[in-house]
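Read the structure below first, then the notes.
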Amino acid sequence: MTHSVSDALRQLHHTYYQSCQRQTGHSPYCDETFVDWPSPCIERIDNEKVYWQAQPQQSEESLFDGVENALELTLHPDIKAFYSAFFAGDITLTIEQQAITLLQVWNREDIERLQENMIGHLLMQKRLKQTPTVFIGTTEDEHQVISICNLSGEVLLETLGKKQRRVLADNLVNFLTRVEPLH
Numbered sequence: 001m002t003h004s005v006s007d008a009l010r011q012l013h014h015t016y017y018q019s020c021q022r023q024t025g026h027s028p029y030c031d032e033t034f035v036d037w038p039s040p041c042i043e044r045i046d047n048e049k050v051y052w053q054a055q056p057q058q059s060e061e062s063l064f065d066g067v068e069n070a071l072e073l074t075l076h077p078d079i080k081a082f083y084s085a086f087f088a089g090d091i092t093l094t095i096e097q098q099a100i101t102l103l104q105v106w107n108r109e110d111i112e113r114l115q116e117n118m119i120g121h122l123l124m125q126k127r128l129k130q131t132p133t134v135f136i137g138t139t140e141d142e143h144q145v146i147s148i149c150n151l152s153g154e155v156l157l158e159t160l161g162k163k164q165r166r167v168l169a170d171n172l173v174n175f176l177t178r179v180e181p182l183h
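Throughout the sequence shown, residue numbering follows UniProt numbering, covering 1 to 183 in sequence.
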């Protein structure tokens with residue numbers, strides 16, 4: 001049975017939420033910077049903490065047509081599926097004993113900001129004559145990101161501005177099923 005990116009993300013969000021509940025006694029939360037930023041995923045706001053649970057987006061992958069048109073490229077389907085599946089807070093995880101933060105979109109405004117960042121990232125890669133990638137996560141090292149290769153769909157640990165890349169998974173679904181919650 002083939003799992004879709006959306007299914008793998010749904011399972012990951014469920015696992016993350018349950019793990020957070022077990023380990024902390026409450027839902028995942030964001031800090032006070034999210035208090036005045038509405039999102040369909042907000043459960044409650046209490047003491048400057050915004051508690052959230054992932055909620056399916058009602059959007060389409062066509063949200064990324066502007067990025068594709070601006071750069072004259074087609075984004076890998078996994079990239080579009082990843083960012084158009086859920087509204088949620090970022091998720092802290094581990095893979096291969098490395099802590100990462102998997103980026104998620106909070107609301108429609110966040111999608112617009114993401115698109116601007118994607119364009120900047122892809123333009124920099126074009127200027128440096130690098131294979132195009134789109135970031136989906138961060139690491140403790142500010143110079144490294146988790147990204148998806150736009151050509152192959154491989155999930156990479158990428159050093160920004162360099163050609164240094166290490167394959168973490170051959171595709172996004174495999175990557176999403178290998179990461180572990182970190183609280």
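By construction, the Cβ of each residue, glycine as well, lies at the ideal position given by its N, Cα and C atoms.
Going by the beta-carbon positions, is the gap between residue i and residue j smaller than 8 Å?
i, j, result
"Leu172", "Ile111", "no"
"Leu9", "Ala85", "yes"
"Asn174", "Leu75", "no"
"Thr138", "Glu158", "no"
"Glu43", "Val35", "no"
"Ile79", "Leu103", "no"
Could you check how far apart the C-beta atoms of residue i and residue j are, in whole angstroms? I think they sit under 8 Å.
i, j, result
"Cys41", "Gly89", "7 Å"
"Leu176", "Leu73", "Leu176 to Leu73, Cβ: 24 Å. No contact."
"Phe87", "Val67", "Rounded, the Cβ-Cβ distance is 19 Å, inconsistent with contact."
Using DSSP with H/G/I as helix, E/B as strand and the rest coil, what is residue i?
i, result
"Gly21", "The amino acid occupying residue 21 in the given sequence is Gln; Gly does not appear at that position. Note: Gln21 maps to helix in three-state DSSP."
"Val179", "coil"
"residue 223", "The first residue shown for the chain is 1 and the last is 183, placing residue 223 beyond what the model contains."
"Thr74", "coil"
"Glu48", "coil"
"Glu154", "coil"
"Leu160", "coil"
"Ser39", "coil"
"Ser147", "strand"
"Ala8", "helix"
"His14", "helix"
- Message: Runs of 4 residues minimum, wholly inside the stretch 80–142: which ones carry the alpha helix (DSSP H) assignment?
- Response: 108–127
- Message: With three or more C-beta pairs closer than 8 Å as the rule, is the stretch 92–107 touching the stretch 172–181?
- Response: yes
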